[in-house]
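Engineer: In my numbering, the protein residues as written are 204 to 296.
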Amino acid sequence: MKGAGMASVKPPAAGGKATTEGAELYNVTADIGEKTNLAQKNPEKLKELAALWDTWNAGYIDAAWGPGARKNAPNAQPGDPAQPRRKRNQPAN
204 MKGAGMASVK PPAAGGKATT EGAELYNVTA DIGEKTNLAQ KNPEKLKELA
254 ALWDTWNAGY IDAAWGPGAR KNAPNAQPGD PAQPRRKRNQ PAN
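1. How many angstroms separate the CA atom of PRO246 from the CA atom of GLY236?
2. From the DSSP output, in three-state form, read off ALA261 for me.
3. Looking at GLU251: is its Cβ nearer than 8 angstroms to the Cβ of ASN240?
4. Measuring straight from C-alpha to C-alpha, what distance separates LYS238 and TYR263?
5. Quick check on ALA242: does DSSP put it in helix, strand or coil?
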């Protein structure tokens with residue numbers, strides 16, 4: 204679908220996997236007001252965009268703040284230069 208907008212991918216629940224359930228898909232070129240949700244008519248495009256998002260998101264590590272942060276980095280302190288850093292799009296270990 205030419206000019207298709209982005210899919211909305213819900214973040215996973217704790218320990219879960221992201222889902223496109225309830226996601227919305229708009230052609231923002233033809234429908235700038237986002238009045239016509241195309242998600243049900245284009246489930247394959249929605250899956251394609253979700254897969255692209257998963258690939259893009261794989262380049263990031265879990266946040267060292269917020270809910271569950273201590274289990275991800277138990278000794279993390281804000282601004283701690285000893286925190287492991289990873290460049291964008293670098294594969295996870």
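Just so you know, even glycine gets a beta-carbon here, dropped at the ideal spot from N, CA and C. In this text, all values refer to a predicted model and were calculated from it rather than measured experimentally.
Structural biologist: On the basis of the data shown:
1. 21 angstroms
2. coil
3. no
4. 33 angstroms
5. coil
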